[in-house]
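Following numbering that gives the first Met the number 0, the numbering of the sequence shown begins with 0 at its first residue and continues without gaps. Ideal placement from N, C-alpha and C gives every residue a C-beta, glycine not left out.
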Amino acid sequence: MLAKKEVVRKPIAASKTLKKIMANHFYELDEAAKTGSKKIAWCTSVGPAELLRGMGFLVYFPENHGAMLGASRMATELIPYANAIGYSPDICSYLTSDIGSYLARKTPLQKVYNIKSVPKPDVLVFNTNQCRDVQDWFSWYGREFNVPVIGIHTHRDIGEIKDYQIKDIAQQIKDLIPALEEVSGQKFDMDRFKEAVELSRQCSVLWRKCLETAAAIPSPWTFFDHTIHMGPAVVARGTKDAVDYYELLLAELNERVASGVAAVEGEKYRLYWEGMPIWGKLRALSELFASLRTCIVASTYCNSWIFDQLDPEEPFESMARAYTELFIVRDEAYKEQYIENCYKFFRFHGIIFHDAKTCPNNSNNRYGMPERLTKRLGIPTLTINGDLNDLRCYSEEQTKTNIEAFIEQLEEE
Ligand code: SF4
């Protein structure tokens, strides 16, 4: 019989600063959208944010809004609005819930920040490095607002990255400049761009260090904390605020490690999370794992905002490299080696694969990877069926039973 513990939560003090940064991000955008004081670019979460910041745009990330729709559990009721205009329930539920939110005129920004709607874009900029859905998503808004949609088309399923691929992506980034100059009304300034690249690099270095503190036993924080604290790495990379934030957070995490503070009291098992978070169930899952004395110490998802290849001396090429070397862009062999490296570093006992119904791009269980990794690493894996935002694809009871059985299996080993 599995021994369950009452959950003792360890709040992270830096969370107060985090809340301020996220609030300022949205207030600044809202103000600019109302007054026209600054141009606004929408950008995909692993799109060329540094170029946009370096050209003076405020940058808004619809995927972050998508995650808020999921976490606030508004997504499930809003998805049908997008389905009704022809966007399938089987495609990305960030896309469908976000477009649904726009059509229904309902956003979590209202409740959290008293902001009526997402900021109107002056330009939409995507990178298909993560999936094709982002281009379709932005194209819908491009038609709605009658503004330009421009982007980068990345090579996918790459093993070893070739020079011609980097040159191609670097050129595609450069090719965005004339269209962006036209929208911003400002000339491209290389020094300003380099500064944004350098700040983004610093943010990435610090974010990596923060995530790596979870290699400590016990771990000072969990995957569920990472999904919250990654906010500035997504929406504020390329700014000084993000750098300052991760310095603060890192100091707190290091202090926790030094004094042996465990995120999960009595940590007994350590797991890796592969795939998207289930945004509407973060708290429930966090409590369930904690009650089983299990800490999810690392994930592919939160590692995806580490771009420490960035180099202000070679801004275009290093951006091309950083946004192409990403896990999601790579082939199966690379991904398995990546997870093996994580296994050696974080020392986990098993892997949870989240098969997200509407995101095949971030569901790596579908072509035999769990079986191959079990063989290769000698650790068990569990696949959870669910979704990032559409909770109709997720069974709480079934998942709970499966997780408990999985931990029991670890107990017996
Ligand atoms: S990677 Fe998945 S979750 Fe992200 S935008 Fe693409 S389909 Fe949606």
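Query	Result
For M413, the nearest candidate out of D156, A195, I402 and I151 (CA to CA)	No answer is possible for residue 413: it lies beyond the span of the chain, which begins at 0 and ends at 412.
Anticipated Cβ contact below 8 Å, K119 with F144, distance rounded	6 Å
L123 - DSSP class collapsed to helix/strand/coil	strand
Proximity below 7 Å, CB of L247 to CB of A22	no
Reduced DSSP category for L409 - H, G, I as helix; E, B as strand; rest coil	helix
Spatial distance of D310 from E197 (CA atoms)	7 Å
Three-state secondary structure assigned by DSSP to R255	helix
The ligand SF4 heavy atom lying under 6 Å from the CB of C392	no
Cβ pair D330, D156 closer than 7 Å	yes
Expected contact under 8 Å - CB spacing of C209 and L249 to nearest Å	5 Å
Q134 Cβ short of 6 Å to the ligand SF4 heavy atom set	no
Nearest-angstrom Cα separation, counted from N360 out to I378	24 Å
Beta strand (DSSP E) segment containing A355, residue limits	G349 to A355
Endpoints, beta strand (DSSP E) assigned at C294	T293 to S298
Residue range of the alpha helix (DSSP H) that includes W136	D132 to F144
Through-space distance from S258 to C130, alpha-carbon basis	42 Å
Alpha carbon of R282 to alpha carbon of E181, nearest angstrom	45 Å
The alpha helix (DSSP H) enclosing V234, as first and last residue numbers	G230 to V234
Three-state secondary structure assigned by DSSP to I90	coil
Beta-carbon spacing of H225, C301 below 7 Å	yes
Contacts around I90, its chain only, beta-carbon distance under 7 Å, and the 5 residues preceding and following it disregarded	D132 and T357
Cβ-heavy atom distance, C358 to the ligand SF4, below 6 Å	yes
Straight-line gap, W304 to W206 (C-alpha atoms, nearest Å)	8 Å
Buried versus exposed, by CB contacts within 10 Å (16 or more), D162	exposed
Separation of S96 from L68, as counted between CA atoms	7 Å
Of the listed residues A48, A70 and S71, nearest to F435 (C-alpha basis)	Nothing in the structure corresponds to residue 435, since the chain is present only between 0 and 412.
Rounded distance between the beta-carbons of Y245 and I20, thought under 8 Å	Actually they are not in contact, since the Cβ atoms of I20 and Y245 sit about 11 Å apart, beyond 8 Å.
Closer than 6 Å: Q201 CB and nearest the ligand SF4 heavy atom	no
CB contact flag (L57, K33, <7 Å)	no
Check: N361 C-beta below 6 Å from any heavy atom of the ligand SF4	yes
Pairwise C-alpha distance: R72 and F352	22 Å
Complete alpha helix (DSSP H) runs within the segment 46 to 101 (minimum length 4 residues, chain order)	48 to 53, 61 to 70 and 74 to 83
Nonlocal neighbours in the same chain, by C-beta distance under 8 Å from L270, ignoring five residues either side	F288, T293, C294, I295, V296, F347, H348, G349, I350 and I351
Per DSSP, cross-strand counterpart(s) of E273	F352
Outcome for I172 when other beta-carbon atoms lying within 10 angstroms are tallied against a minimum of 16	buried
Inter-residue Cα distance where the pair is I402 and L381	8 Å
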